[in-house]
Ligand SMILES: Cc1cc2nc3c(=O)[nH]c(=O)nc-3n(C[C@H](O)[C@H](O)[C@H](O)COP(=O)(O)OP(=O)(O)OC[C@H]3O[C@@H](n4cnc5c(N)ncnc54)[C@H](O)[C@@H]3O)c2cc1C
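Numbering (the working numbering), first residue to last: 6 to 509.
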């Protein structure tokens, strides 16, 4: 049997797996369909002269142990921590809310809304951090059945995982803009509104992997997400991994339920003793292996996985930083949540359920040039506005809905940052359907499967298959966001797959 490991996909998880395996002396080949590496964590010049992150660009959840083990700093990674975690600009009678990594500083600002929320804030962060600390170890190793017992005897943790986020927050806070800011941290790239059960889970996940006692600070790589994926590729390459782009895997070769390599779309066969797939679970099993080779029950469960692409990213080149109402420059460095209260998000989710665009899209905005000016040419700034809770299958199709969405996003932005429309020099817009057609994200799902409790831990991607455990095909591991522990720039699915493979 070949000693080679074939890794499908050169997103950050595929690169983490490649770098770890190559350092352990395995022969590794990464096969990436696109012309560049990085997957959903790509930085591209979609506006000439501007380095635009098309997907996630917050490294706050990326494992520090991987940075050390893979010597990513030596390979070019430079981290910049944002002074602010999140903010909601002022609107109408409501003042701006700014969430800082220091609980006391946030509480001081909340005092303007009344003493109750200011007093509650440090206690809330401490409680969130306690729940997150209990969860973190479970996310950093294969989902073991023994851990299930640990969760079941932690009722407060279970409640946080299963209850509606709005209800959980309502027990602590009166200020609606504050609740909106926390919902804006938790609910990007899901179809669930804050009144849906299970929406506490993504907040907990985000905090468990991102220094919860400081509310998961925003950390960026200099040069955009490509600063991370470039360092990962350099680390993997230095250890001997072969990284091939433009290599579309058409089939995983399976013989008597054992993976023996892959076949590319141009017919080339690559033999391998093991295969790690970071393509989505649907693509891995239903497209690259095929339902006839799998148990019908497993196939039905795979078909039931919810992907639900819900996000569109608008990149704007501005001739100056926008002036969001009530926010000073340091507050512009974190996530800027453009929702007045959780109902804005709930209404968007309601519209999306029926295939409609929200009347008033809620957005998460970022100003990458506030932290890293060279991402845009001198005299320009980048504003990335991501609308979430959009319908993947939109009424009338995206050809007509796309321009309408653009107009609604710009109208909303103007309300939050008066004058911003006049500062726009160039723009680029990526729609939910583009993430499927350009990045092979099934159904446009940016986490390769929605991050809800029914698709997490032992249930990710389905009750049968979890990271680190044998799949129905021997010698095959899942290593992308679609498996345990899930989405975001954590490197954990790739790491878990590599470690499990090495353990045999
Ligand atoms: C706009 C946007 C906003 C986001 N916001 C957040 C957020 O707020 N919080 C959060 O946690 N996460 C967020 N994410 C999600 C996060 O970026 C992803 O979960 C993460 O990047 C997934 O990494 P990955 O390596 O598992 O998969 P990917 O980056 O998708 O990499 C998989 C790679 O496999 C390749 N591939 C697939 N099939 C084949 C094939 N047959 N042959 C060869 N190659 C193949 C693909 O081309 C791709 O490059 C966001 C993403 C986007 C796009």
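Where a beta carbon is used, it is the ideal one built from N, C-alpha and C, also for glycine.
A quick note: this is a predicted structure, and the numbers were derived from the prediction, not measured.
Distance, Cα to Cα, residue 227 vs residue 86? Translated into the one-based positions of the chain shown, residue 227 becomes position 222. Translated into the one-based positions of the chain shown, residue 86 becomes position 81. The straight-line gap from Cα to Cα measures roughly 10 Å.
Grouping DSSP H, G and I as helix and E and B as strand, with all else coil, what is residue 318? Translated into positions along the chain shown, residue 318 becomes position 313. Residue 318 falls in the strand class under three-state DSSP.
Taking all protein chains shown into account, do 16 or more other C-beta atoms lie within 10 angstroms of the C-beta of residue 416, making it buried, or fewer, making it exposed? Counted from its first residue, the chain shown places residue 416 at position 411. By the 10 Å Cβ count, residue 416 comes out exposed.
With distances taken from CA atoms, which of 286, 403 and 80 is nearest residue 465? Walking along the chain shown from the start, residue 465 turns up at place 460. Out of 286, 403 and 80, 286 has the C-alpha closest to the C-alpha of residue 465.
Taking only runs that begin and end inside the region 367-397, name each unbroken beta strand (DSSP E) of 3 or more residues, in chain order. 368-371 and 386-392
When the Cα atoms are used, what is the spatial distance from residue 160 to residue 144? The count along the chain shown starts at 1 and reaches residue 160 at position 155. The count along the chain shown starts at 1 and reaches residue 144 at position 139. Each residue's Cα considered, the two are about 18 Å apart.
Inspect the CB distances between the region 18-25 and the region 481-501 and report whether three or more fall short of 8 Å. yes
Per DSSP, residue 431 is paired with what? Stepping through the chain shown from its first residue, residue 431 is reached at position 426. 322.
Let me check one thing: in DSSP terms, what residues is residue 482 bridge-paired to? Position 477 of the chain shown, counted from the first residue, corresponds to residue 482. Its beta-bridge partners are 281.
With DSSP as the reference, label residue 312 as helix, strand or coil. For this step, residue 312 is matched to residue 307 along the chain shown. Note: residue 312 maps to coil in three-state DSSP.
Specify whether the region 200-219 and the region 114-129 touch according to this definition: at least 3 beta carbon pairs, one from each stretch, less than 8 Å apart. no
From residue 213 to residue 162, what does the alpha carbon distance come to, in whole angstroms? The residue given as residue 213 occupies position 208 in the chain shown. The residue given as residue 162 occupies position 157 in the chain shown. If I take the Cα positions, the gap works out to 12 Å.
Can you tell me which of the three DSSP states residue 472 falls into? For the purposes of this step, residue 472 is identified with residue 467 of the chain shown, where counting begins at 1. A caution first: residue 472 carries a pLDDT of 49, below 50, which makes its placement in the model unreliable, though a value can still be read off. Looking at residue 472 - three-state DSSP - the assignment turns out to be coil, as it is neither helix nor strand.
With residue 350 as the anchor, note down where its alpha helix (DSSP H) starts and where it stops. For the purposes of this step, residue 350 is taken as the residue at position 345 of the chain shown. Element bounds for residue 350: 347-358.
Any heavy atom of ligand 1 within a distance shorter than 7 Å of the CB on residue 61? The residue you call residue 61 lines up with position 56 of the chain shown. It does: the Cβ of residue 61 is within 7 Å (strictly closer) of some heavy atom of ligand 1.
For residue 79, count the other beta carbons within 10 Å of its own beta carbon; 16 or more makes it buried, fewer makes it exposed. Which is it? Working through the chain shown from its first residue, we reach residue 79 at position 74. Its Cβ having fewer than 16 others within 10 Å, residue 79 is exposed.
Touching by the beta-carbon criterion (3+ pairs, under 8 Å), the region 101-109 and the region 259-275: no
Assuming residue 442 is part of the alpha helix (DSSP H), what are its boundary residues? As a position in the chain shown, residue 442 is number 437, starting the count at 1. Start and end: 437-444.
Could you give the uninterrupted runs of the beta strand (DSSP E) lying entirely in the region 61-136, keeping only those of 3 residues or more? 84-86, 91-93 and 102-104
Nearest residue (CA-CA) to residue 72, options 221, 12 and 238: Here the question's residue 72 lines up with position 67 in the chain shown. Answer by Cα proximity: 238.
For the alpha helix (DSSP H) holding residue 182, just list the boundary residues, first then last. Looking up residue 182 in the chain shown gives position 177. Element bounds for residue 182: 181-191.
Taking residue 337 as the reference, give the member of 433, 60, 422 and 152 with the closest Cα. For this step, residue 337 is matched to residue 332 along the chain shown. Comparing Cα positions, the closest option is 422.
Between the C-alpha atoms of residue 505 and residue 149, what's the straight-line distance to the nearest angstrom? Numbered from 1 along the chain shown, position 500 holds the residue referred to as residue 505. Numbered from 1 along the chain shown, position 144 holds the residue referred to as residue 149. Each residue's Cα considered, the two are about 12 Å apart.
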